Amino acid sequence: MPQTVRGVVALSKGEPVVTTNIVIPDPGPGEAVVDISACGVCHTDLHYREGGINDEFPFLLGHEAAGVVESVGEGVTDVAPGDFVVLNWRAVCGSCRACLRGRPWYCFNTHNAKQKMTLEDGTELSPALGIGAFADKTLVAAGQCTKVDPTASPAAVGLLGCGVMAGLGAAINTGNVQRGDSVAVIGCGGVGSAAIAGARLANAAKIIAIDLDDRKLEWAKGMGATHTINPSTDGDVVEAIQALTDGNGADVVIDAVGRPETWKQAFYGRDLAGTVVLVGVPTPDMQLELPLIDVFGRGGSLKSSWYGDCLPSRDFPMLVDLYQQGRLDLDAFVTETIGIDDVEAAFDKMHAGDVLRSVVTL
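This is the structure:
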C-alpha cells in the first residue's frame, strides 16, 4: 500500500521550503523504495528552490543520499530489500549509443522512477535529480541504487551521490591526474575540496588550492592541498600558479567555480599541453571570448566534467572501500548533521560559505 512520510518540499520559486506529508507509492517494475538514512544539502537543491533548474514545482528536494532498500518492484535483481545503497542520478540504460560503445558514464537515457510521488492532495512532486531524498523514504529507479559496504557511515558515503563524486571524478576520471602531476583547483567549496582529495588520492606531487576565502583554503589543506593562493592577497592567479610550478603552469587545472574569468585563469594557468577541467556549473547567460590562436598554440585538452564522468556501479563501491580503509576521508566533508526541519537554515549556511556540507540524518 502507498505510504505517507515526511518530506522537504519547495512549493514555489524563492519561497522557504516546508516539511510536509508526502505519499510514496509501492514500487512498480524496475523501481525501489528506499528508507533514507542521510542526505547532504547540496547547492543544486537551492537551485531547484530558486527556479534555476526548471519551473516544475513543487519539488521534493534532496539527492546526496544513502539508505536501505525497503522494497523492490517486478524485475529488479541488482538490489534487494535490506541492501545498504548510495543513490545516484545516473541509472544507465545499457542500450543508448554511449552505453553500446562501452562508455556508460556518458549515457544519454538515464532512468528515473516512472511513478510519481505526491502531496496528500494528489499534487505530483518533481524529485530533485530524479531522487527526492529529504524524506523518510523515496521512490527511485532500481538502477539509481548502488550497493556498498553496509558498515560505512551513511552521512559520509551518501555525499558520493553528487558533489563529492563530481569533484573526485573531475580529478581522477576527467582530468586523469597521474602520479607526480601538479594540479591547481580554483574554488574550494565542496566540489573543489573533493577535487583536491581526488588529486591526493591519485598521488599528485603538488596540489594548489585557490579561493578568496581563507576558511576554505584551510579546509583545502586538510584535504591534501600542498599550496594555497588567495587572489585578494597573493595577486594574479595565473602568475601565482606559474610561480609555484617553475614558471610552467600546472599539468591539470580544475575550475570548480564555472565563470568565464575563472575558466580563463584555468586555461592560462596550465602548462603547455596541460588539461583544463570545467566542473563548476555556469549559468546560461555566461559567454566566453578567447583568441583562437591561444587555443591552437597551447595544445592540451579542454574538458567538461559532468558528475565526475562517474559510473556509480564502478566508482561508488571502490571509493567506499577506500573510505573504509582510511585512505579517503569522506567524514571531513560533513561539517554538521541536522534534522529534516533544518534544511532552510542549512541553505543559509551554505550560501554564506560556513559549511562544506550539512547532512540531514533520519
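Sequential numbering of the sequence shown, starting at 1, is according to full-length UniProt numbering.
All residues carry an ideal CB built from backbone N, CA and C; glycine is no exception.
Computed from a prediction, not measured in an experiment: that's the story for all the values here.
Annotation: T275 is outside any alpha helix (DSSP H); the continuous beta strand (DSSP E) that includes it extends over 270–278. If you draw a straight line from the Cα of T146 to the Cα of T138, it comes to about 15 Å. Taken atom to atom, the span from the alpha-carbon of D329 to that of G224 is near 10 Å.
Secondary structure of K349 (DSSP, three-state): helix. For the pair G249 and R298, the Cα-to-Cα distance works out to about 12 Å. Segment contact: the region 172–184 against the region 121–141, fewer than three CB-CB distances shorter than 8 Å; contact not assigned. With respect to the 9 Å criterion, I196 and T245 are not classified as neighbours on the basis of their beta carbons.
Only exposed fits H351, as fewer than 16 other CB atoms lie within 10 angstroms of its CB. In this structure, the alpha-carbon of E64 lies about 30 Å from that of A205.
Taking a cut-off of 8 Å for Cβ pairs, the region 32–39 and the region 64–84 touch, as three or more such pairs fall below it. Distance check between P282 and each of V295, P260, P291, F267 places P260 closest, using alpha-carbon atoms only. Note that the region 9–21 does not touch the region 307–314; fewer than 3 beta-carbon pairs, one per stretch, sit closer than 8 Å. Within the DSSP secondary-structure output, T146 pairs in a beta bridge with V86. A Cβ-Cβ contact shorter than 9 Å links F84 with P154. Relative to the Cα of G339, the nearest Cα in the group G40, N109, L159 belongs to G40. For L168, the enclosing alpha helix (DSSP H) begins and ends at 163–169. Of the residues Y268, R49, T151, S232, the one whose Cα lies closest to the Cα of K13 is R49. Taking the Cα positions, I22 is about 21 Å away from V359. A direct Cα-to-Cα measurement between D45 and T77 gives close to 30 Å. Counted as a single uninterrupted DSSP element, the alpha helix (DSSP H) harbouring T233 occupies residues 231–234.
CA-to-CA, the gap between Y323 and L292 works out to about 43 Å.
Residue burial is scored here from C-beta neighbours: M318 has fewer than 16 other C-beta atoms within 10 angstroms and is therefore classed as exposed. For L302, the uninterrupted beta strand (DSSP E) segment begins and ends at 301–304.
Under DSSP, P127 forms a beta bridge with L60.
With a beta-carbon spacing of about 5 Å, G158 and A38 fall inside the 8 Å limit used to define contacts.
At a cut-off of 4 residues, the continuous stretches assigned as alpha helix (DSSP H) that sit fully inside the region 160–214 are 163–169, 190–201. The shortest CA-to-CA distance from I53 to any of V277, P29, G130 is the one to G130.
Boundaries of the alpha helix (DSSP H) harbouring R298: 292–298, taken from the DSSP string. For the 9 Å CB-CB criterion, V140 and A113 form a contact. Between I24 and T361, the alpha-carbon positions lie close to 19 Å from each other.
Looking at the DSSP output, E31 sits in a beta bridge with A141. For the pair T337 and L60, the Cα-to-Cα distance works out to about 20 Å. Within a 10 Å sphere around the beta-carbon of Q265 sit 16 or more other beta-carbons, which makes this residue buried.
Apart from sequence neighbours up to five positions away, the residues of its chain that approach T118 with a beta-carbon distance below 8 Å are I22, V23, E124, L125, ordered along the chain.
Taking 9 Å as the cut-off, the beta carbon of V253 is found closer than this to the beta carbon of I241.
G222 sits in a helix when the DSSP states are folded into three classes.
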